[in-house]
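Trainee: Just dropping this structure here.
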Amino acid sequence: MSGPYATLSHCWGTDTFEVLDPSTLESLKAGRSRSEFLATFKQCFDVLDFFGISLVWIDSYCILQGLSDESVRDWEYEAPMMEHVYSNSVLTIAAAYATGPRKGLFPEVLRRASVTKRACQVHWRAIASDPATIWDLSDAAVINSTVSSEHLFTRGWVLQERLLSKRVLHFGTEELFWQCADREHLCESRPGVCDEAHIVPGMLEVQRLRSMDEDKVQKLWDRVLYAYSSARLTKPRKDKLMAVRGLANRLAAARATEYAYGLFWSDLPAALCWQVHPGSPRSADRFVRRAPSWSWASIDGPIQNYVPDTPEITQVVCIDLVANVEATSGVTMVAIGRVLELSEKHSLQTLDDTRAVEFDLHGVNVTCIVDIVEDRPRTCRNHWCLLPVCQRMYTRSDDYQMLLLLSNKDGTFSRIGYAHSETHHGAETSSHFARVLQAQPAQMVFLV
Numbered sequence: 001m002s003g004p005y006a007t008l009s010h011c012w013g014t015d016t017f018e019v020l021d022p023s024t025l026e027s028l029k030a031g032r033s034r035s036e037f038l039a040t041f042k043q044c045f046d047v048l049d050f051f052g053i054s055l056v057w058i059d060s061y062c063i064l065q066g067l068s069d070e071s072v073r074d075w076e077y078e079a080p081m082m083e084h085v086y087s088n089s090v091l092t093i094a095a096a097y098a099t100g101p102r103k104g105l106f107p108e109v110l111r112r113a114s115v116t117k118r119a120c121q122v123h124w125r126a127i128a129s130d131p132a133t134i135w136d137l138s139d140a141a142v143i144n145s146t147v148s149s150e151h152l153f154t155r156g157w158v159l160q161e162r163l164l165s166k167r168v169l170h171f172g173t174e175e176l177f178w179q180c181a182d183r184e185h186l187c188e189s190r191p192g193v194c195d196e197a198h199i200v201p202g203m204l205e206v207q208r209l210r211s212m213d214e215d216k217v218q219k220l221w222d223r224v225l226y227a228y229s230s231a232r233l234t235k236p237r238k239d240k241l242m243a244v245r246g247l248a249n250r251l252a253a254a255r256a257t258e259y260a261y262g263l264f265w266s267d268l269p270a271a272l273c274w275q276v277h278p279g280s281p282r283s284a285d286r287f288v289r290r291a292p293s294w295s296w297a298s299i300d301g302p303i304q305n306y307v308p309d310t311p312e313i314t315q316v317v318c319i320d321l322v323a324n325v326e327a328t329s330g331v332t333m334v335a336i337g338r339v340l341e342l343s344e345k346h347s348l349q350t351l352d353d354t355r356a357v358e359f360d361l362h363g364v365n366v367t368c369i370v371d372i373v374e375d376r377p378r379t380c381r382n383h384w385c386l387l388p389v390c391q392r393m394y395t396r397s398d399d400y401q402m403l404l405l406l407s408n409k410d411g412t413f414s415r416i417g418y419a420h421s422e423t424h425h426g427a428e429t430s431s432h433f434a435r436v437l438q439a440q441p442a443q444m445v446f447l448v
């Protein structure tokens with residue numbers, strides 16, 4: 001079968017339901033009546049009938065599920081194709097409010113946010129030729145928060161599904177919302193009105209990547225990364241990198257660069273200076289088997305990106321994806337930089353209930369934000385190191401951006417945090433720190 005098709009974006013929920021797997025393949029190919037499908041699927045079919053669309057792609061029925069060899073092979077083939085599945089769809093139906101396919105598209109009880117309109121007087125200098133106008137003022141943040149708080153948008157895969165689609169019809173808790181490449185979002189309560197404030201990050205920007213300059217594309221990725229890393233994945237070890245790959249590939253093409261393991265090559269080495277958001281939960285885990293420690297994808301939790309337009313004092317030589325097969329991740333980044341070793345003589349102060357650790361390093365205060373709270377050191381030990389990556393220069397001070405590294409027995413290094421220090425121009429500690437840094441020999445640093 002061929003022709004225009006729609007896609008469904010939905011939450012699977014915690015309850016089991018019939019999906020496509022080797023045991024159901026033949027019976028599903030033979031056909032089912034609509035009455036045999038769960039509420040979300042049946043109502044999706046009804047909506048598509050209204051639009052005259054006869055074909056729909058649904059992940060739970062179009063990709064073999066389960067752990068069989070056949071299912072694994074099908075998933076490995078289909079998962080990278082998600083980018084094209086959603087971007088070529090004529091319409092995506094988003095079951096935004098539903099926590100599972102039994103809920104349907106329409107809430108049993110429709111909760112409406114109370115909206116009060118009142119007249120007010122606003123003074124401004126108008127142009128004499130302008131006609132008298134009645135303005136409808138509203139808080140765009142209300143619409144943004146209403147849409148973004150829907151259950152569907154807490155799921156990691158959904159971000160890519162929403163942003164790559166040409167058109168999305170959201171079935172929310174309170175009303176319907178429409179997004180497309182022409183209008184960011186329209187809702188039932190404000191028909192015909194487009195609020196320019198985007199649901200972060202915005203579909204409009206993704207659809208117009210080719211016309212955006214480098215800086216705007218970079219800032220879009222920063223927002224995508226924060227939104228995606230804040231969302232949840234049912235199978236993070238398998239999906240962490242895959243569920244955003246299609247979107248990242250689009251941004252990489254727009255920037256004419258390569259993308260792998262969560263980083264854009266043109267942003268290296270500064271892109272190594274990502275950090276876990278300060279407000280993220282105290283407990284987190286690192287999964288080096290799904291990504292190397294230098295990638296944000298090795299961490300579960302909200303990530304802040306950091307790619308400054310500043311001088312870089314560490315050089316990334318190459319990323320060897322296969323040579324270091326004995327490393328946990330099998331991926332090694334080779335850099336040339338100056339490593340500062342920490343030891344017992346460097347005083348340390350831990351800050352309660354935070355990820356922050358402060359070091360006194362040659363008279364300079366260094367603040368480290370550990371990736372995992374449980375990794376926060378209590379005392380300095382010889383196997384902790386700092387790798388300065390960038391130097392941000394201000395009028396009166398310099399700010400060094402660094403990685404907090406753990407020295408491994410095989411001579412490699414693992415990232416365990418992000419660090420920065422500020423030195424004031426003219427201060428004795430500033431020149432001393434610079435001399436100490438320059439005194440360290442440049443060496444090859446193998447990050448795993």
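The end of the sequence shown is residue 448 by full-length UniProt numbering, with every number in the run present. Where is the CB? At the ideal position from N, CA and C, for every residue including glycine.
Residues in its own chain within less than 7 Å of D74 by CB, not counting five upstream and five downstream?
Mentor: For D74, where only same-chain residues beyond five positions count, the Cβ hits under 7 Å are I63 and L64.
Trainee: Do you know how far the Cα of P292 is from the Cα of Y400?
Mentor: Answer to the nearest angstrom: the Cα atoms are 23 Å apart.
Trainee: From the DSSP output, in three-state form, read off C390 for me.
Mentor: Reduced to three states, the DSSP call for C390 is strand.
Trainee: Hey, out of L209, I303 and W384, whose CA is closest to V339's CA?
Mentor: Ranking L209, I303 and W384 by Cα distance to V339 puts W384 first.
Trainee: Of the residues S9, S165, A94 and T24, which one's Cα is nearest the Cα of H84?
Mentor: Here the closest residue by C-alpha is S165.
Trainee: Report yes if the C-beta distance between W265 and N305 is below 8 Å; otherwise report no.
Mentor: Cβ atoms of W265 and N305: not closer than 8 Å.
Trainee: Cβ of V370 within 8 Å of Cβ of E358?
Mentor: Not closer than 8 Å, so no.
Trainee: Contact defined as beta carbons within less than 8 Å: I believe L105 pairs with C44. What is the distance between those atoms, to the nearest angstrom?
Mentor: Rounded, the Cβ-Cβ distance is 7 Å, consistent with contact.
Trainee: Anyone know if the C-beta pair for L152 and A94 falls short of 8 Å?
Mentor: Yes, the Cβ-Cβ distance between L152 and A94 is below 8 Å.
Trainee: P80: buried (16+ other C-beta within 10 angstroms of its C-beta) or exposed?
Mentor: By the 10 Å Cβ count, P80 comes out exposed.
Trainee: Comparing C-alpha positions only, which one of L233, R232, A231 and L225 sits nearest to Y261?
Mentor: Among L233, R232, A231 and L225, the Cα nearest to that of Y261 belongs to L225.
Trainee: In the DSSP assignment, the alpha helix (DSSP H) including T173 goes from what residue to what residue?
Mentor: No alpha helix (DSSP H) contains T173, which DSSP labels as neither H nor E.
Trainee: Less than 8 Å between the beta carbons of F446 and T332, yes or no?
Mentor: It is a contact, given that the beta carbons lie within the stated cut-off.
Trainee: Given a cut-off of 8 Å, decide if S421 and F413 are closer than it, judged by their beta-carbon atoms.
Mentor: No, these two residues do not count as a Cβ contact at 8 Å.
Trainee: Can you give the Cα-Cα distance for L169 and L8, rounded to whole angstroms?
Mentor: Going by the C-alpha atoms only, they are around 10 Å apart.
Trainee: Could you have a look at N324 and say whether DSSP puts it in helix, strand or coil?
Mentor: Per-residue confidence for N324 stands at a pLDDT of 40, beneath the threshold of 50, marking its modelled position as unreliable; the derived number appears in the next sentence. Coil, per DSSP.
Trainee: For Q121 and L186, I'd like the C-alpha separation in whole angstroms.
Mentor: Near 27 Å, if we compare the C-alpha coordinates of L186 and Q121.
Trainee: Name the residue from D300, S71, P269 and D182 whose alpha carbon lies nearest to the alpha carbon of S230.
Mentor: For S230, the nearest C-alpha among the options comes from D300.
Trainee: Compare the Cα-Cα distances from A439 to each of C368, E341, D360 and M402 and report the closest residue.
Mentor: Ranking the options by Cα distance to A439, first place goes to E341.
Trainee: DSSP three-state label for R255, please.
Mentor: The answer is helix: DSSP assigns R255 an H, G or I state.
Trainee: Does the Cβ of N324 have 16 or more other Cβ atoms within 10 Å, making it buried, or fewer, making it exposed?
Mentor: Bear in mind that a pLDDT of 40 at N324, under 50, signals an unreliable position, so the model cannot answer this.
Trainee: In terms of residues, what are the limits of the alpha helix (DSSP H) holding C120?
Mentor: Segment: none, C120 is in no alpha helix (DSSP H) and carries neither H nor E.
Trainee: Just curious, the beta strand (DSSP E) that V366 is in, first and last residue?
Mentor: Its beta strand (DSSP E) spans residues V364 to V370.
Trainee: So, at 6 Å on beta carbons, what are the nonlocal neighbours of W296 in its own chain, with the 5 sequence-adjacent residues on each side left out?
Mentor: Closer than 6 Å at Cβ, skipping near neighbours: G262, W274 and I303.
Trainee: Judging by CA-CA distance, which residue of S68, V217 and G156 is the nearest neighbour of R237?
Mentor: Cα-wise, what sits closest to R237 is G156.
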